[in-house]
Structure formats: C-alpha cells, structure tokens
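Here's the structure we're looking at; comments come further down.
Protein chains: 2
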Amino acid sequence: MRTRPLKVALLGCGVVGSEVARIMTTHADDLTARIGAPVELAGVAVRRPSKVREGIDPALVTTDATALLKRGDIDVAIEVIGGIEPARTLITTAFEHGISVVSANKALLAQDGAALHAAADQHGLDLYYEAAVAGAIPLVRPMRESLAGDKINRVMGIVNGTTNFILDKMDSTGAGYQEALDEATALGYAEADPTADVEGYDAAAKAAILAGIAFHTRVRLDDVYREGMTEVSSADFASAKRMGCTIKLLAILERAADGESVTARVHPAMIPLTHPLASVREAYNAVFVEAEAAGRLMFYGPGAGGSPTASAVLGDLVAVCRNKLAEATGPGESAYTQLPVSPMGDVVTRYHISLDVADKPGVLAQVATTFAEHGVSIDTVRQQGKDGEASLVVVTHRAPDAALSGTVEALRKLDTVRGVASIMRVEGE
Amino acid sequence: MRTRPLKVALLGCGVVGSEVARIMTTHADDLTARIGAPVELAGVAVRRPSKVREGIDPALVTTDATALLKRGDIDVAIEVIGGIEPARTLITTAFEHGISVVSANKALLAQDGAALHAAADQHGLDLYYEAAVAGAIPLVRPMRESLAGDKINRVMGIVNGTTNFILDKMDSTGAGYQEALDEATALGYAEADPTADVEGYDAAAKAAILAGIAFHTRVRLDDVYREGMTEVSSADFASAKRMGCTIKLLAILERAADGESVTARVHPAMIPLTHPLASVREAYNAVFVEAEAAGRLMFYGPGAGGSPTASAVLGDLVAVCRNKLAEATGPGESAYTQLPVSPMGDVVTRYHISLDVADKPGVLAQVATTFAEHGVSIDTVRQQGKDGEASLVVVTHRAPDAALSGTVEALRKLDTVRGVASIMRVEGE
Chain A
0 MRTRPLKVAL LGCGVVGSEV ARIMTTHADD LTARIGAPVE LAGVAVRRPS
50 KVREGIDPAL VTTDATALLK RGDIDVAIEV IGGIEPARTL ITTAFEHGIS
100 VVSANKALLA QDGAALHAAA DQHGLDLYYE AAVAGAIPLV RPMRESLAGD
150 KINRVMGIVN GTTNFILDKM DSTGAGYQEA LDEATALGYA EADPTADVEG
200 YDAAAKAAIL AGIAFHTRVR LDDVYREGMT EVSSADFASA KRMGCTIKLL
250 AILERAADGE SVTARVHPAM IPLTHPLASV REAYNAVFVE AEAAGRLMFY
300 GPGAGGSPTA SAVLGDLVAV CRNKLAEATG PGESAYTQLP VSPMGDVVTR
350 YHISLDVADK PGVLAQVATT FAEHGVSIDT VRQQGKDGEA SLVVVTHRAP
400 DAALSGTVEA LRKLDTVRGV ASIMRVEGE
Chain B
0 MRTRPLKVAL LGCGVVGSEV ARIMTTHADD LTARIGAPVE LAGVAVRRPS
50 KVREGIDPAL VTTDATALLK RGDIDVAIEV IGGIEPARTL ITTAFEHGIS
100 VVSANKALLA QDGAALHAAA DQHGLDLYYE AAVAGAIPLV RPMRESLAGD
150 KINRVMGIVN GTTNFILDKM DSTGAGYQEA LDEATALGYA EADPTADVEG
200 YDAAAKAAIL AGIAFHTRVR LDDVYREGMT EVSSADFASA KRMGCTIKLL
250 AILERAADGE SVTARVHPAM IPLTHPLASV REAYNAVFVE AEAAGRLMFY
300 GPGAGGSPTA SAVLGDLVAV CRNKLAEATG PGESAYTQLP VSPMGDVVTR
350 YHISLDVADK PGVLAQVATT FAEHGVSIDT VRQQGKDGEA SLVVVTHRAP
400 DAALSGTVEA LRKLDTVRGV ASIMRVEGE
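Those sequence lines, one after another, are chains A and B. Numbering follows numbering that gives the first Met the number 0, in which position 52 of the first sequence is assigned residue number 51; successive positions increment by one, without gaps. Numbering follows numbering that gives the first Met the number 0, in which position 256 of the second sequence is assigned residue number 255; successive positions increment by one, without gaps.
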C-alpha cells in the first residue's frame with residue numbers, strides 16, 4: 000500500500016461537490032483500501048469563497064481554479080461546475096498539467112466530448128464521466144466496458160427526472176402540464192427556469208453521450224432530434240390510457256436495420272403499460288439497452304440529486320486513481336465505426352394522431368386516402384361524433400417519420416379537417 | 000494499433016463456449032478496434048473432440064487443456080467448463096503460466112474464489128467473472144467499480160431464472176409446483192435434475208460471490224443460509240395475493256444496522272406487487288442494490304442462456320486484453336473489511352404463518368401469548384373457520400429470525416394447533 004496520498008482538486012462545490020467532499024472525508028479509509036493509496040482533497044475551487052461549507056477546511060478553498068491545477072501536485076481533478084465555460088478551459092488546463100479528470104458535465108461532454116477525449120488521449124490521461132448520464136445509475140461503464148464484446152442495437156431511456164416527475168403526476172392525478180410543473184417546482188424537482196428539462200435539452204445532451212458510447216461513433220448534440228414535452232396534455236394521457244399506454248419523455252438511440260447508420264432523438268412518446276419503462280415513477284431514471292448477444296437489459300435508479308451523483312463521481316475517482324497508480328488509463332473514446340447519423344425523417348416509428356373533423360359522410364375516406372397516398376398504413380381508427388363536430392383518432396403502423404409528418408401536413412390542408420389536436424409517437428412495442 | 004494478436008484459449012465448448020467462439024469470429028473487427036489489438040482463438044479444449052462444432056476450425060480442437068495452457072503463447076484463458084474440477088486445476092495452471100482468466104464458473108468462484116484471487120494476484124494477472132452472476136446483466140463490474148466510492152448496504156435479487164420461471168407460472172396460471180416445473184423442463188428452462196436450481200444451490204453460489212463484492216469481505220458458500228422453493232404451494236400464492244404480494248426466490252445480502260456484520264441468505268419470500276422485483280417475469284433476473292449515496296438501483300436482464308452469458312464473457316475478455324496490453328490488472332479481490340457473517344437467526348425479517356387450529360374459543364389468545372413470549376409482535380391476524388377446523392394466518396412485525404422460528408416451534412407444541420400449514424418470510428417493504 001502506497002502511503003503518499005493521491006491529491007484531488009475539486010472544481011465546484013455546489014450540491015454535488017459538497018457531497019463529494021463530505022464522502023471523501025467520512026469514507027476516507029474505505030477509499031484508501033479500495034484505491035490502494037490514500038486520497039486527499041487538496042483544494043476546492045469555488046466562485047463564492049465567503050459561503051460557509053460545512054466539513055470543508057476553509058484553508059482548502061480558493062477562487063483561482065487555474066492556479067490550483069497549475070500548482071504541480073494535483074493527480075485528479077473533479078469537475079462539478081457544469082456548463083461550458085469555465086469548465087472546458089479548466090479541464091483542458093488539467094490535461095496540460097498531467098491531471099486526469101472526472102466530470103459530471105453532460106452539456107460540455109455532449110458539445111465537446113471529442114475534443115476533450117482527444118486532449119486526454121494526447122496526454123495519456125483519463126476522462127471519466129459516469130455522473131454525466133443518469134446520475135447514480137451505472138450506465139457509462141456497463142455500456143463501455145461490460146458490453147464491450149457485444150453489439151448494442153438500441154437504447155431507450157428515461158434520462159431526465161424532472162420531466163418524468165411531471166409526466167408521472169399528469170398520469171396518476173389527471174393534472175395538466177402547468178399544474179404538474181408547479182408541483183415539481185415546489186418540491187425542488189424543477190428549477191425556476193425549467194427550459195433545459197422540459198424542452199428536452201438535458202435529455203438530448205445525455206442522448207448524444209450515450210449514442211456515442213453505444214455505437215462507437217461520434218454523435219454531436221446537433222445530431223440529436225429534440226422535441227420537448229410542454230405540449231403534452233391531459234387529453235393525450237386520456238388517449239394513451241385508451242390504448243393501454245402511458246406517456247414518457249424518451250431518449251431513443253437506434254442502429255438502422257442495415258447497420259450502416261444510426262439515429263438519436265428525444266421526444267415524448269406513448270409506450271405500453273406492460274413495458275418496463277412505463278412503471279418508472281416520480282423522478283427516477285431508467286435505461287433499456289438492447290444488445291445482440293445480451294438481449295434486453297435495464298438499468299434503473301435515481302437520475303439526479305447530490306448524493307447519487309456524488310456516488311457516480313466517486314466510483315470514477317476510485318477507477319482513475321487506480322489507473323494513476325498502475326500508470327495506465329481506462330478505455331478512452333471509441334469512435335471507430337464512424338457511422339453517419341440519419342435525420343429524424345429516416346426514423347421508423349408509429350404515430351397516434353387526433354384530428355378534429357367535420358361530422359359528415361366521406362371524411363374518413365378522405366383521411367384514409369391521404370394516409371395511403373403517403374405510403375402510411377393505418378393500424379386503428381376511432382371515430383367520435385358530437386354536435387356536428389367529430390374527432391378521429393388514427394394509430395398508424397410503422398413508417399418513416401418523414402412519411403408520417405408528410406401525411407400530417409397533407410391532413411391539415413383537407414377542408415374537412417378542422418385541426419390536428421395532437422400528434423404523438425408510439426414506441427416500445 | 001498492435002498487430003500481433005492476443006491469443007485466447009477457450010476451455011469448454013458447450014452452449015456458452017460455442018457462442019463465445021462464434022462471436023469472436025463474426026465480430027473480430029469490432030473486438031480488435033475495442034481492444035487495440037487483434038484477438039485470436041488459439042485453441043479450444045473439449046471433452047468430446049468428435050462432436051461437430053460449426054464454425055470452429057477442427058485444427059484448434061484438443062482434449063488436452065493442460066497442454067494448451069502450457070504451450071507458451073496463450074495470453075487469456077476463458078473457462079466455461081463449469082463445476083469444480085478440472086476447472087480449478089486448469090485456472091491455477093493458467094495463472095502459473097502467466098495467463099489471465101475469464102470464468103463463468105459460479106460454483107467454483109463461490110467455493111474457491113479467495114484462493115483463485117490470491118493466485119491471480121500472486122502472478123499479477125486478472126481473474127474476471129461477470130458471467131458467473133446473473134448472466135448478461137452487468138452486475139459484478141458496476142458493484143465492484145461503479146459503486147467503488149459508495150457503501151452498499153443491501154442487495155436483493157432474483158438470480159436464478161429457472162426458479163423465477165416456475166414461480167411466475169405458479170403465480171400467473173395457478174399451477175402447482177410440479178406442474179410448473181414440468182413446463183419449465185419441457186421448455187428447456189429446467190434441467191433434467193433441477194436440484195441445483197430449485198433447492199437454491201445455484202442462487203446461493205451467486206449470493207456468496209455478490210456478498211463478497213458488495214461488502215468487501217469474504218463470504219463462503221457455507222456462510223449463505225439456503226432454503227429451496229419446492230415447498231411453495233398454490234395456497235401460498237393465494238395467501239400472498241390476499242396480502243398484495245407475490246412469491247419470489249430471493250438472494251438477500253445485508254449489512255447489519257450497526258455495520259459490524261453481514262448476512263447472506265437465499266429463500267422464497269413474499270414481496271409486495273409494488274416492488275420492482277415483483278414484476279420480473281419468466282426466466283429474467285434482476286438485482287436491487289441499495290447503496291448509501293446512490294440510493295436504490297436495479298439491474299435487469301436475461302440471467303442465463305448461451306448468448307447472454309457469452310456477452311458477459313466477451314466484455315470481460317475485452318477488459319482483460321486491454322489490461323494485458325497496458326501491462327496492468329483490473330481490480331482484484333477486495334476483502335479488507337473482514338466482516339463476520341452472522342447466522343440466519345440474527346437476520347431481522349417478517350414471517351407469514353398459516354396455522355391449522357381447533358375452531359374453539361381461546362385459540363387466538365393462546366397463539367398470541369406464544370408470540371408475545373418470544374418477543375415477536377403481530378402485525379395482522381386473519382381467522383377463518385369451517386367445519387370445526389379453522390385456520391389462522393399471522394403476519395408478524397420485524398423480528399430476529401431466531402425469535403420467529405422459536406415462536407413457530409412453540410406453536411407446533413400447542414394442543415390447539417393441529418399443524419403449521421406454511422411459513423414464508425415477507426421482504427421488500
């Protein structure tokens with residue numbers, strides 16, 4: 000057992016950082032035993048040094064993160080600042096000074112993962128980021144290492160706890176979107192500005208990271224099709240229930256049938272109540288992974304929060320410290336397949352479409368003809384009439400998204416169609 | 000990229016081994032890219048060389064596994080023979096000749112894991128065994144690495160697919176044990192001699208391995224309390240349903256409340272239908288892990304079968320090959336906590352007890368007094384009388400198993416108790 004400690008710089012000391020510091024102190028003996036050397040919190044870079052941080056020696060606190068990284072004795076940096084800058088520059092500085100990095104920064108990794116991996120490789124260092132996707136759920140390591148001998152064909156997951164909480168409330172209480180969002184905000188599940196969550200930006204960043212790992216290819220944030228869930232209504236949940244479904248905001252990553260391209264997307268979708276993801280409640284996350292040999296796997300757990308995220312960060316810290324001692328590095332970026340990312344129009348999916356139509360003969364024939372003209376086959380139609388108005392609910396068979404959205408555009412132009420009340424994809428069957 | 004291939008000896012070529020060989024051939028390019036060097040199947044040791052093995056070059060086949068390991072050019076051995084001997088001697092021989100080992104052998108690891116880990120350490124080699132527990136489900140690596148910075152307090156899992164298939168059939172169709180077993184046998188889920196599965200030996204071996212990893216302590220197979228599920232009846236399922244429960248064969252590993260000892264056990268138990276493990280159907284496996292910081296995680300997937308097990312073996316092969324190239328080793332055995340394993344009597348649990356009693360006044364009072372004398376508090380009692388006979392169903396609060404089983408012994412001696420129809424633990428609440 001080595002007695003000289005490995006020195007850790009903690010960049011950021013918010014909800015996650017303070018929990019990382021706390022566990023490093025309270026579980027120091029366990030970490031020492033598991034790493035094979037003591038690990039020491041050597042400095043904590045913060046923005047507001049005057050804030051009291053329980054359990055953290057004030058002598059360790061600095062506002063100069065760069066100086067901390069440059070002082071020459073740091074082995075590992077833990078970046079839990081979030082956002083693009085200054086995190087990106089600090090991680091780059093760390094690599095330039097021989098420091099391996101553990102990061103929880105999904106936005107940065109989704110945007111600049113390739114460049115950061117290249118910098119880590121160039122300096123023979125580690126970049127680990129289990130905490131960036133689905134909080135405490137071991138997902139990056141299982142996909143990158145446990146399934147390294149397998150071929151992942153599909154990943155489908157609930158990777159944002161805030162939106163799952165909101166959708167779960169809407170489903171279980173019949174509340175509308177705004178009411179459920181207000182409850183999520185009051186309980187601390189949603190931020191004051193919930194845009195990143197409800198518009199799917201957070202999930203899209205995680206989707207880009209997961210797609211890169213799953214398919215050994217580079218998937219940029221811009222490659223991920225994204226639709227938020229602010230338009231999901233109580234009426235949509237009522238429709239879903241009639242189909243034996245619920246609605247979830249899903250990140251879906253798929254290898255095309257010919258294996259020559261991949262797709263990555265985030266949008267709300269109806270999934271059958273019998274699907275394991277349907278029973279993921281409240282702010283929990285869960286990710287389904289379908290691999291050629293392994294079959295269908297699911298990983299489930301808390302997707303956010305200080306302690307769960309800290310657990311993932313510390314797991315990475317142990318691995319990176321062990322690598323340092325062995326003078327080795329863990330698996331880096333694997334992007335050898337270089338598969339193209341196809342646009343949303345190429346995704347094969349099913350639509351659930353609600354139309355407000357004139358209540359007169361011939362409407363269904365006209366609508367059905369429109370579907371046929373676009374090569375979209377109809378699975379079921381349900382017609383409901385009331386007071387001269389009528390609604391038509393159509394569920395399609397699987398077809399390319401471009402054909403489905405083209406159908407919807409054409410339906411809007413029919414004079415018997417007064418409006419498209421809702422469109423929702425149907426997945427998981 | 001290194002061009003000299005890493006050479007692999009495959010020991011055993013049954014259901015799993017032949018699938019490993021197949022994937023090594025069909026996915027050779029992917030494995031090369033992920034490892035950073037080509038990997039070559041250099042020899043296949045079998046018992047019956049005359050058997051035709053599709054896709055395997057007959058020139059590679061040998062009956063002399065020892066000679067294969069001793070020939071001097073093997074980097075990694077994959078042991079998929081199963082059982083204690085000759086697997087144990089072959090793994091030891093591999094280590095003596097500088098060969099790292101990937102094994103799927105739960106029985107051997109549960110019995111001799113400590114000695115095998117010591118041999119691997121002594122020679123600076125890897126011993127990986129993801130496939131030994133819960134087939135394709137990444138579990139060993141997440142617990143050993145992803146949660147290395149956390150403290151696991153509890154593991155509760157369905158780790159045997161055969162028994163889960165049988166119990167699921169009994170639950171969903173009302174079939175009795177024998178009928179469900181016959182169906183499992185006909186479908187290939189149960190072996191001709193199902194003893195290892197239905198008596199819980201297979202699950203106990205996995206429990207010992209998982210307990211060692213979870214608690215960083217050595218847990219021998221003999222330390223695991225074991226009860227099979229052959230006595231579970233349709234009546235038990237009816238009782239479970241009345242309580243909003245189902246019955247699963249569970250492996251449960253717990254750290255005592257004071258943190259100073261652990262327990263490991265395998266037995267059938269009632270769990271609430273709302274528990275995520277309750278919805279694990281057919282031959283699937285799932286394992287719940289509760290960690291201090293991470294919270295509650297679940298890992299779900301196929302627990303057996305040629306392809307899923309091969310997926311886990313190949314994930315380990317990639318890791319071991321990468322370690323070989325880096326001249327490093329992965330995490331070895333971690334048993335530094337050396338916690339004692341407490342006997343079953345110390346486990347705190349709840350009992351569901353069905354008694355056949357005389358249908359006369361005073362019986363309940365006598366029964367209740369017996370519970371009180373053993374310090375066991377009663378949660379609910381349900382009395383049903385018919386034709387001078389009556390049954391009494393008692394569900395207790397949590398108490399040490401010794402107190403609960405002492406209570407049952409005392410109940411048997413009461414002259415008003417005609418028999419104890421069933422006893423089942425209640426878990427997961």
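Ideal placement from N, C-alpha and C gives every residue a C-beta, glycine not left out.
- Just how far apart, CA to CA, sit E178 of chain B and D167 of chain B? Each residue's alpha carbon lies about 12 Å from the other.
- Please decide whether V132 of chain B counts as near chain A, where near means a Cβ-Cβ distance under 8 Å. No, V132 of chain B lies away from the interface with chain A (no Cβ there is under 8 Å from its Cβ).
- Item | Coarse secondary structure for K50 of chain B, derived from DSSP in three states | DSSP places K50 of chain B in coil when its eight states are reduced to three.
- Determine the DSSP secondary structure at T369 of chain A, reduced to helix, strand or coil. Looking at T369 of chain A - three-state DSSP - the assignment turns out to be helix.
- Within this structure, are the beta carbons of T415 of chain B and L403 of chain B separated by less than 8 Å? L403 of chain B is positioned such that its CB atom lies no closer than 8 Å to that of T415 of chain B.
- CA nearest to the CA of T369 of chain A, picked from A:R3, A:E408, A:I212: Checked all of A:R3, A:E408, A:I212; the closest Cα to T369 of chain A is A:E408.
- Item | Within chain A, the residues that H480 of chain B reaches when beta carbons sit closer than 9 Å | With chain B represented from 0 up to 428, any question about residue 480 of chain B goes unanswered, as that position is not in the structure.
- Query: Comparing the C-beta of T26 of chain A with each C-beta of chain B, is any distance below 8 Å?
  - Reply: For clarity, residue 26 of chain A is His in the given sequence; the question names Thr instead. For H26 of chain A, a Cβ of chain B is located within less than 8 Å of the residue's own Cβ.
- In terms of residues, what are the limits of the alpha helix (DSSP H) holding Y176 of chain B? For Y176 of chain B, the uninterrupted alpha helix (DSSP H) segment begins and ends at 176–185.
- D358 of chain A versus R424 of chain A - alpha carbon distance: When only Cα atoms are considered, D358 of chain A and R424 of chain A end up about 26 Å apart.
- Since D74 of chain B meets chain A, which of its residues come closer than 7 Å, beta carbon to beta carbon? The premise fails here: D74 of chain B is roughly 15 Å from chain A at the closest Cβ pair, so nothing lies under 7 Å.
- Task: In the DSSP assignment, find the alpha helix (DSSP H) that holds H116 of chain A and state where it starts and stops.
- Result: Per DSSP, H116 of chain A belongs to the alpha helix (DSSP H) from 105–121.
- Task: List the whole-angstrom C-beta distance separating A290 of chain A from K150 of chain A, where the pair is believed to meet the contact cut-off of C-beta under 8 Å.
- Result: Indeed, because the Cβ distance is near 6 Å, the residues count as touching under 8 Å.
- Task: Rank A:R321, A:F94, A:G243, A:I136 by C-alpha distance to the C-alpha of G304 of chain A and give the top, closest one.
- Result: Residue nearest to G304 of chain A within the set A:R321, A:F94, A:G243, A:I136 is A:I136 (criterion: CA-CA distance).
- Message: Against E259 of chain B, what residues of chain A qualify as contacts under a CB-to-CB distance less than 8 Å, listed in chain order?
- Response: Ordered by position in chain A, no residue passes the 8 Å Cβ test against E259 of chain B, which lies about 15 Å from the chain.
- Could you tell me the distance, in whole angstroms, from the CA atom of P37 of chain A to the CA atom of R87 of chain A? Cα to Cα, P37 of chain A sits roughly 28 Å from R87 of chain A.
- Task: Consider the Cβ of Y299 of chain B: report whether some Cβ of chain A lies at a distance smaller than 8 Å.
- Result: Taking CB atoms only, Y299 of chain B has a neighbour in chain A less than 8 Å away.
- Alpha carbon to alpha carbon, what distance is there between I212 of chain A and E332 of chain A? When rounded, the distance between both Cα atoms is 8 Å.
- Ordered along the chain, which non-local residues of its own chain (more than five positions away) have a Cβ less than 7 Å from that of V223 of chain B? These residues qualify, in order along the chain: A203, A206, A207, A263, R264, V265.
- Query: Which of the residues in the stretch 266–283 of chain B, read from start to end, lie with their CB under 8 Å from any CB of chain A?
  - Reply: Those residues of the stretch 266–283 of chain B that come within reach of chain A (Cβ to Cβ, closer than 8 Å) are P275, S278.
- State the beta-bridge partners of C320 of chain B as determined by DSSP. Answer by DSSP bridge pairing: none, since C320 of chain B is not bridged.
- Task: Look up E78 of chain B in the DSSP assignment and give the residues it is bridged to.
- Result: Answer is B:L10, B:S102.
- Please report how far the alpha carbon of A64 of chain A lies from the alpha carbon of C320 of chain A, in whole angstroms. Their Cα atoms are separated by approximately 20 Å.
- Item | Three-state secondary structure (DSSP) of L220 of chain A | Three-state result, L220 of chain A: helix.
- What is the DSSP secondary structure of T61 of chain A, reduced to helix, strand or coil? In the structure shown, T61 of chain A sits in a strand (DSSP, three-state: E or B).
- Item | Euclidean distance between Cα positions of H274 of chain A and G427 of chain A | C-alpha separation (whole angstroms): 7 Å.
- Query: Going by DSSP, what residues sit across from D355 of chain A in a beta bridge?
  - Reply: In the DSSP output, where bridge partners are listed per residue, D355 of chain A has A:S390, A:G418.
- Message: Cutting at 7 Å between CB atoms, please list the residues of its own chain near D235 of chain B, excluding the five before and the five after it.
- Response: I246, S421, M423.
- Element boundaries [alpha helix (DSSP H), containing V288 of chain A]: In the DSSP assignment, V288 of chain A falls outside any alpha helix (DSSP H) and within the unbroken beta strand (DSSP E) covering 283–290.
- I136 of chain A CB to nearest chain B CB: under 8 Å? Using a Cβ-Cβ cut-off of 8 Å, I136 of chain A counts as an interface residue toward chain B, since at least one Cβ of chain B sits closer than that to its own.
- Item | Selection from B:I80, B:M142, B:Q337, B:D201 that minimises the alpha carbon distance to A293 of chain B | Residue B:M142 is the option with its Cα nearest to A293 of chain B.
- Task: Would you identify the three-state DSSP class for L252 of chain B, choosing helix, strand or coil?
- Result: In this structure, L252 of chain B counts as strand in the three-state DSSP scheme.
- Query: Since N163 of chain B is in the alpha helix (DSSP H), which residue starts that stretch and which ends it?
  - Reply: Note, N163 of chain B: alpha helix (DSSP H), 160–172.
- Message: Going by DSSP, what residue range makes up the beta strand (DSSP E) through K150 of chain A?
- Response: Here K150 of chain A belongs to no beta strand (DSSP E), and DSSP marks it neither H nor E.
- Message: I'd like to know whether the C-beta of E332 of chain B is nearer than 8 Å to at least one C-beta of chain A.
- Response: No, E332 of chain B lies away from the interface with chain A (no Cβ there is under 8 Å from its Cβ).
- Query: What did DSSP end up calling L138 of chain A once you bin it into helix, strand or coil?
  - Reply: When secondary structure is reduced to three states using DSSP, L138 of chain A falls in the coil class, being assigned neither helix nor strand.
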